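Q: Per UniProt numbering, residue 1 is the first one in the sequence shown, and the count goes up by one each step.
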Amino acid sequence: MEGSLEQKAREVVTQALADLKSIDVSQGWDIFSTDNDVQQMRKPLENLFLVRGQTEVPLDFEIIRDFVHNIDHKHKYHTDFEEVRVVEAFSDELKIIHHKIKTPPGVANRESVVVQGLFSDEEENVYLVERSIEHPSVPVTAGYVRVDLYICGFVIRPTGPRSATLSYIFHLDPKGSLPTFFVNLIQKDKASIPFTVRELLKSGER
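(1) Quick check: the stretch 57–67 against the stretch 195–203, are at least 3 beta-carbon pairs closer than 8 Å?
(2) Using three-state DSSP, classify K188 as helix, strand or coil.
(3) Using three-state DSSP, classify R10 as helix, strand or coil.
(4) For the candidate residues Q39, L50, Y77, M41, whose alpha-carbon lies nearest to that of D19?
(5) Check this for me: beta carbons of Y144 and L172, under 7 Å apart or not?
(6) I'd like to know if the stretch 91–111 and the stretch 126–140 are in contact, where contact means that at least 3 CB-CB pairs between them fall below 8 Å.
(7) My assumption, with CB atoms under 8 Å, is that C152 sits in contact with F170. Please give the rounded CB distance.
(8) Per DSSP, S132 is paired with what?
(9) A164 and V68 - do their beta-carbons sit closer together than 7 Å?
(10) Distance, Cα to Cα, P89 vs L5?
Below, the structure is given as structure tokens:
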């Protein structure tokens, strides 16, 4: 069972990586904000928008990579996360993670189970990608709705000895209707994640 689950995880995350790379270089984005030197963009797709944020970080790409890859930091830039835990780690680069997500009063709390993969290419670009997956030890939590995370992830592209472009891409099916104000809040919050990460790193967070 363990071997088949690991194989499934690798298949899912490999496809997610291909999708992340394709999305990252795609055209047709609508820029809805450039506040704080962060381009916040979206594309209309079924089940909310495909959302993207991008900024320049004045640090070595490895520092950025290590920070976003450490799940202990997730709640610092995902302010809606109330719990993050590793369900199973096949390696340091391949893990299954469970998130519990806080929502406003009147909206059912959400949760997700995802496979996370860390990759790099010959140009030292880094891809940290996640996609929903099932795990036998994590049934749906009572009182929560299990979302379908189509894709989310960071793309880190070195631009100099101590600088890199940081992008974050996000798209999910929330599984149920959500108030318009909350949809807009999600879009702005997720597209601003590169800003939050940049400011945390500039303040000395590691």
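By construction, the Cβ of each residue, glycine as well, lies at the ideal position given by its N, Cα and C atoms.
Predicted, not measured: the structure shown is a model, and the values here were computed from it.
A: The relevant details are as follows:
(1) yes
(2) Position 188 of the sequence shown, counting from 1, holds the residue named residue 188. Note: K188 maps to helix in three-state DSSP.
(3) In the sequence shown, counting from the first residue as 1, residue 10 sits at position 10. R10: helix per DSSP, three-state reduction.
(4) Taking the first residue of the sequence shown as 1, we reach residue 19 at position 19. Closest by alpha carbon: L50.
(5) Indexing the sequence shown from 1 puts residue 144 at position 144. Indexing the sequence shown from 1 puts residue 172 at position 172. For Y144 and L172, no; Cβs fall outside 7 Å.
(6) yes
(7) Within the sequence shown, residue 152 is the residue found at index 152, counting from 1. Within the sequence shown, residue 170 is the residue found at index 170, counting from 1. Confirmed, Cβ separation roughly 4 Å.
(8) Along the sequence shown, read from residue 1 onward, the residue named residue 132 stands at position 132. Paired residue(s): V114.
(9) Within the sequence shown, numbered from 1, the residue matching residue 68 stands at position 68. Within the sequence shown, numbered from 1, the residue matching residue 164 stands at position 164. It is not a contact, given that the beta carbons lie outside the stated cut-off.
(10) Taking the first residue of the sequence shown as position 1, residue 89 is located at position 89. Taking the first residue of the sequence shown as position 1, residue 5 is located at position 5. The amino acid at residue 89 is misidentified as Pro; the sequence shows Ala. Answer to the nearest angstrom: the Cα atoms are 11 Å apart.
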